[in-house]
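Take a look at the structure set out below.
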Amino acid sequence: MAKRIVFLLITFLSITFTSNAQITQTIRGVVTDAVTREPLPFATVQVDNSKDKVCITDSVGKFQIPGITVGRHTVRCNYVGFQTFDLSDVLVTSAKETNIDIRLQEDQTTLQDVVVRPNLAKENTLNKMVLTGGRMFSIEEASRYAGGFDDPARLASSFSGVATSGATNGISIHGNAPHLLSWRLEDIEIPNPNHFSDISVLGGGIFSSLSAMCIGNSDFLTSAFPAEYGNAVSGVFDMKMRNGNDNKHEHAFQIGVAGIDVASEGPLSKKTGASYLVNYRYSMTGLASRMNLIDMQGQVMDYQDLNFKFNLPTRKAGTFTIWGTGFFDHFHRESSPKDWESKYDECYAFSDQWMGAMGVGHVLPMKHGQLKSSIGVTYNKDEFTQDVYDIPTDDENFYERDNTDGLKREPFFAEKRSFTNLTARTTYTHRHSNRWLAQYGAVVTEMLFDVNLKSAYVLHGDLHTICENDGNTTLFSGFTSHSFTLNQKTTLNAGFNVQHLLLNGATTFEPRVSMSRKLNDDMTFALAYGLHSRAEKTDIYFTRKTTKPDETNWNPTDTGSDELVNKDLGFTKSHHLMATFGWKLSDHWNLKVEPFYQYLFNVPVEDGNPYSVLNRQEFYLDRALVNKGKGRNFGIDITLERYMKNGWYGMANGSFFSSKYKGGDGKWRHTLFDRNYIINVLGGKEWMLGRNKNNMLSINVKATLQGGDRDTPLDKEKTLSHPDYEIQYIEDECFSKQYDPMLIIHYTISYRINKKGLTHEFSIKHINCTGTKSQYGYTYNYHTGEFKESTFTLSLPNISYKIEF
């Protein structure tokens with residue numbers, strides 16, 4: 005494998021391209037007021053502080069600076085009465101114009117106090133109500149950072165306090181489970197946007213369905229987020245889709261081990277500035293498996309996704325957007341009898357998954373603010389079947405067969421479920437004065453569902469209904485948030501969020517407050533508190549009462565009743581407290597220290613049992629729950645970062661924390677995702693090569709050392725008493741076992757060749773090149789009579805070629 009990669013890299017770098025002159029391209033964009041979204045005419049935009057690379061925005065705030073050489077540049081924008089805007093690391097390539105959306109914040113200083121000391125835009129979130137616990141997510145970083153793999157979730161694991169495993173992209177923040185993370189796209193909450201979602205880890209998947217070719221800069225929030233964010237207790241991924249180029253048509257095509265990626269964008273009307281952006285991907289994992297580039301371990305996994313956005317400005321009625329995202333995944337697994345080792349190898353598994361989200365947005369600038377409204381529909385559907393083969397008793401050589409042809413199958417598990425959400429959201433932002441900014445908003449989500457889950461308790465047993473229902477309910481939410489500039493150094497934000505679940509009448513009132521203080525020109529301190537809550541997935545509320553098997557009767561015939569045991573569950577609630585100390589060591593070095601504390605309560609747990617939804621792993625649930633559980637996460641995040649300068653960048657961060665929970669039996673234990681520490685070291689170097697320095701070689705590496713996976717000790721005696729040797733655990737010792745620390749290394753090597761109007765890029769993006777394995781319980785080998793630990797890994801070298809034109 006290593007020889008193939010080295011050979012391909014040498015081949016890429018040995019290609020000779022000649023050019024008669026240094027290649028240039030255009031930087032263009034629009035400058036607007038960050039609050040009202042009104043265009044700002046006559047603003048000054050400058051590249052690299054050069055007198056020859058400067059322009060003034062026109063009457064609608066647009067600018068265009070041609071003749072910018074390929075490579076990285078810094079863009080600065082100045083406008084009277086607004087804070088200076090600096091954006092570094094802007095990558096210019098030959099094929100596509102570089103489009104920048106500049107949103108300026110009003111300056112609160114008086115003229116005699118003005119000192120030009122611009123803030124690096126990268127240090128701040130896009131949402132200016134966030135004072136602590138947030139980070140702007142740059143899609144360019146997702147493409148450049150080793151381990152990013154053009155995946156928002158995998159890039160987030162580079163940030164302090166965030167962990168993923170070696171096999172999935174499920175995001176655990178400060179020990180919280182991945183399924184507690186809230187995903188938002190264009191202001192609408194969406195289902196888990198990852199391919200093969202919830203199969204290996206609830207709340208994660210293998211790859212993101214949101215391609216790097218269509219996602220714009222976004223916000224990633226880890227704690228104590230502002231009042232506009234509801235129905236979330238762990239973190240929020242607030243993602244935006246970028247607009248297509250409204251000046252000229254541009255296209256991209258990429259082919260690699262992971263699949264084919266095609267994108268197109270351009271103007272719909274140059275007169276109005278309307279544009280389109282469309283992206284489609286199709287997997288090639290089956291071909292990669294046959295080429296031995298990846299090991300699928302007997303599984304077939306095919307996927308495809310589609311993303312689009314239409315941006316439709318008008319002269320007086322504001323700007324409309326139409327956007328959408330969706331995917332389809334197919335998975336099946338079967339193996340030959342000669343490879344079977346456990347009872348559950350005797351099963352055939354099959355699943356199809358669909359996810360889609362589509363919405364219409366509208367932004368209307370107003371005299372002292374803006375009205376932003378969205379309506380959206382989201383849909384996800386899962387069909388999962390697991391059948392068990394009938395094994396002939398008269399075939400002595402059966403376990404030497406290399407196929408399952410002709411074998412009959414009996415159903416063991418059957419799931420069909422679909423969830424549809426209809427969401428309407430509106431937010432009015434108003435600048436009452438130059439020191440008081442306010443937001444007022446409301447969200448209504450109509451949730452429709454159709455769930456049918458059936459399972460047998462033992463192989464070849466009868467199917468029992470776990471959950472069977474369809475219907476709808478409504479979640480209401482309202483919020484207000486206010487930002488007060490008390491003086492030139494101090495900002496205070498305060499607000500609240502209210503939620504009401506119509507299904508059972510559960511209601512929450514959640515205060516949020518944060519404060520930021522500028523200690524001097526280089527140091528800041530911020531403190532934030534928030535009460536947050538979250539409703540459970542709809543299927544939990546409609547779980548039927550069932551008779552659960554145990555060692556006294558592994559296959560009960562009593563099917564339970566139609567009683568809905570979880571219908572009255574209230575919201576899970578969480579207090580968040582976080583402080584941030586930021587020290588700008590220089591223009592390109594930044595230090596951030598963030599202690600945090602989180603206390604969860606009203607958590608659904610199983611009465612008298614260690615089970616808690618904070619550790620939920622199952623994509624279906626058959627337990628009766630009560631709101632008696634608790635959780636506690638505390639620790640400190642430390643980040644030292646060097647932004648790109650002179651061709652290289654780097655980051656070192658560490659998170660040291662404790663994550664505990666109290667189950668239905670009243671005992672405190674480690675949570676499933678309590679790794680205790682996460683340490684990341686990453687960096688990269690870029691070289692401009694070629695006769696006229698038009699080409700770019702980029703080498704990037706990331707190493708992660710984190711505490712090992714947690715598991716519950718095996719109960720061997722109880723397992724051997726089960727007719728199928730289904731693994732049983734010592735429940736009183738939940739998650740007390742921790743495996744060895746995990747060292748995960750990724751690298752990305754790319755070579756970009758810039759020609760006039762054309763860019764070629766060859767790359768190798770290898771995630772988990774060390775092949776670090778994640779632990780997934782145990783299996784019992786019925787041939788040898790031995791127990792062994794189950795592991796899963798994903799080590800994927802995505803060798804790809806991309807052309808932009």
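If you count the sequence shown from 1, you need to add 4 to reach my numbering.
Don't be surprised by glycine CBs; every beta carbon is placed ideally from N, CA and C.
Model, not experiment: these values are computed from the prediction.
Less than 9 Å divides the Cβ of Lys66 from the Cβ of Val35. Taking each of Val569, Leu568, Lys552 in turn and checking the Cα distance to Thr561, the smallest one comes out for Lys552. Around the C-beta of Ala231, 16 or more other C-beta atoms lie within 10 Å, and the residue is accordingly described as buried. Shown here for Lys347: same chain residues with a beta carbon closer than 7 Å to its own, the five before and five after excluded, namely Leu463, Asp728, Tyr729, Tyr786 in chain order. Exclusion of the five residues before and after Glu790 leaves Tyr784 as the residues of its chain whose Cβ lies within less than 8 Å of its Cβ.
Per DSSP, the beta bridge partners of Leu441 are Arg435, Ser487. Put simply, the backbone Cα of Gly363 is about 15 Å away from that of Asn384. With a threshold of 16 other beta carbon atoms within 10 Å, Pro341 meets it and is buried. Taking C-beta atoms as the reference points, Thr512 and Gln503 count as a pair closer than 9 Å.
No residue range can be given for Arg246, since it is assigned to no beta strand (DSSP E) and is classified by DSSP as neither H nor E.
Trp187 is classed as buried because its beta carbon has at least 16 other beta carbons within 10 Å across all chains shown. Only residues of its own chain outside the window of five on either side were considered, and among them Thr136, Ala530, Glu598 have a CB closer than 6 Å to the CB of Thr584, listed in chain order.
Closest option to Leu368, judged by alpha-carbon separation, among Gln390, Glu338, Asn401, Thr325: Thr325. For Arg158, there is no enclosing beta strand (DSSP E); the enclosing alpha helix (DSSP H) covers residues 156-160.
Per DSSP, the beta-bridge partners of Met370 are Gly373. Taking a C-beta distance under 9 Å as the contact criterion, Ile104 and Arg32 qualify as a contact pair. Val240 places its beta carbon less than 9 Å from that of Leu185. Following the DSSP letters along the chain, one finds Ile703 in no alpha helix (DSSP H) but inside the beta strand (DSSP E) bounded by residues 699-710.
Take the alpha-carbon of Ser238 and the one of Thr576: they are about 11 Å apart.
Residues Val597, Glu598, Pro599, Phe600, Ser659, Phe660, Phe661 of the same chain have their beta carbon placed closer than 8 Å to that of Ile640, with the five preceding and five following residues left out of the count. The alpha-carbon separation between Thr795 and Ser778 amounts to approximately 5 Å. Annotation: Ser437 to Gly373 spans about 11 Å, alpha carbon to alpha carbon. When C-beta atoms of the region 751-762 are compared with those of the region 671-687, fewer than three pairs fall below 8 Å, so the two segments do not count as touching. The residues Ala707, Thr708, Leu709, Thr774, Thr776, in chain order, have a CB closer than 8 Å to that of Leu747 in the same chain once the five nearest residues on each side in sequence are set aside. Annotation for Pro614: Gly667, Gly668, Asp669, Lys671, Arg673, Glu735, Asp736, Cys738 place their beta carbon closer than 8 Å to its own, counting only its chain and skipping 5 residues before and after. Taking the Cα positions, Thr430 is about 9 Å away from Val448. If you ignore the 5 residues before and after Ala428, its C-beta comes within less than 6 Å of the C-beta of Ile379, Val448, all in its own chain and listed in chain order. Per DSSP, the continuous beta strand (DSSP E) segment holding Ser662 begins and ends at 652-666.
Taken through DSSP and simplified to helix, strand or coil, Phe417 comes out as strand. Tyr403 sits exposed, since fewer than 16 C-beta atoms from the chains shown fall within 10 Å of its C-beta. Where Tyr647 is concerned, the enclosing beta strand (DSSP E) starts and stops at 630-649. DSSP places Ala146 inside the alpha helix (DSSP H), whose first and last residues are 143-148. By the C-beta density criterion, Met527 is exposed, having fewer than 16 other C-beta atoms within 10 angstroms. Closest in C-alpha terms to Leu130, from the list Val39, Cys59, Asp386, comes Val39.
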